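Residue numbers (our numbering): 7 to 168.
Even for Gly, the Cβ is constructed at its ideal location relative to N, Cα and C.
Being a predicted model, the structure only gives us computed values, none of them experimental.
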Amino acid sequence: MDSTPREGPLARLSGALALAGGGLVVALAIVVTGSVLKRWATNEGLNGDFELVQTGLALAVFAFLPYCQARRGNIMVDTFTGRLPLPVQRAIDGVWDVVFAGVAGLVAWRLALGAMDAFSSNTTSMVLALPIGYAIAACAAMAGLLTVICIATAFDRFRSPR
């Protein structure tokens with residue numbers, strides 16, 4: 007079985023996660039639409055709609071990032087490197103994937119610490135009193151997956167001409 011980030015188990019996992027993130031965005035659009043319609047009809051929106059949207063969008067963004075990295079969908083500016091030989095371009099891209107892995111790992115670590123703090127202090131949202139530690143922990147896990155995929159794409163770029 008091929009384990010490159012474009013075709014292997016990491017690609018399937020990140021693809022499923024991205025689909026779940028897309029479903030979450032659709033659900034959030036329904037919540038916003040419902041809140042707007044309710045506000046139009048009754049001058050009062052759905053209670054806590056902003057909490058659901060801010061938490062849901064954070065989860066969706068972190069759900070999309072691993073897939074984007076696995077598919078090499080991030081924006082790249084190659085103004086100066088486009089004329090370099092392909093092996094040099096691949097090496098530069100691989101180095102930047104390693105840098106991105108470091109940043110993603112740092113984000114995952116800090117989110118994990120934030121989740122532990124939210125759990126230990128029983129932090130909840132203001133209106134709906136939803137515990138926020140679960141959302142932060144889920145974002146930390148997805149940032150961890152992003153880190154793994156960044157490392158996998160770096161190895162892929164260092165070893166193949168794709």
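Specify, as a first and last residue, the run of the alpha helix (DSSP H) that residue i falls within.
i   : result
E57 : 55-76
L34 : 15-48
For residue i, which of the options has the nearest alpha-carbon?
i    : options               : result
L112 : D162, R18, A147       : A147
L23  : V67, V38, S131        : V67
P137 : G150, R77, D123       : D123
R116 : F70, C145, T159, F56  : C145
R77  : A17, P93, L134, G150  : A17
F173 : G88, V101, Y140, N128 : What the structure shows of the chain is the stretch from 7 to 168, and residue 173 is not part of that stretch, so it cannot be assessed.
V105 : Q75, R165, N128       : Q75
N53  : A110, N128, L134      : L134
Tell me residue i's beta-bridge partners as DSSP assigns them.
i    : result
P137 : T130
Leaving out five residues before and five after residue i in sequence, what residues of the same chain have Cβ atoms less than 6 Å from its Cβ?
i    : result
G51  : S41, K44, R45
A107 : T153, C156, I157
Got a sec? Which residues, its chain only, sit under 8 Å from residue i by beta carbon, not counting five neighbours each side?
i   : result
D8  : Reliability fails at D8, whose pLDDT of 40 lies under 50, so the model's placement of it is uncertain and no value is given.
L30 : G62, L65, A66, A69
Ignore the nearest five residues each way along the sequence and tell me which others in residue i's own chain have a CB closer than 7 Å to its CB.
i    : result
V59  : L34, V37, V38
A114 : A146, A149, G150, T153
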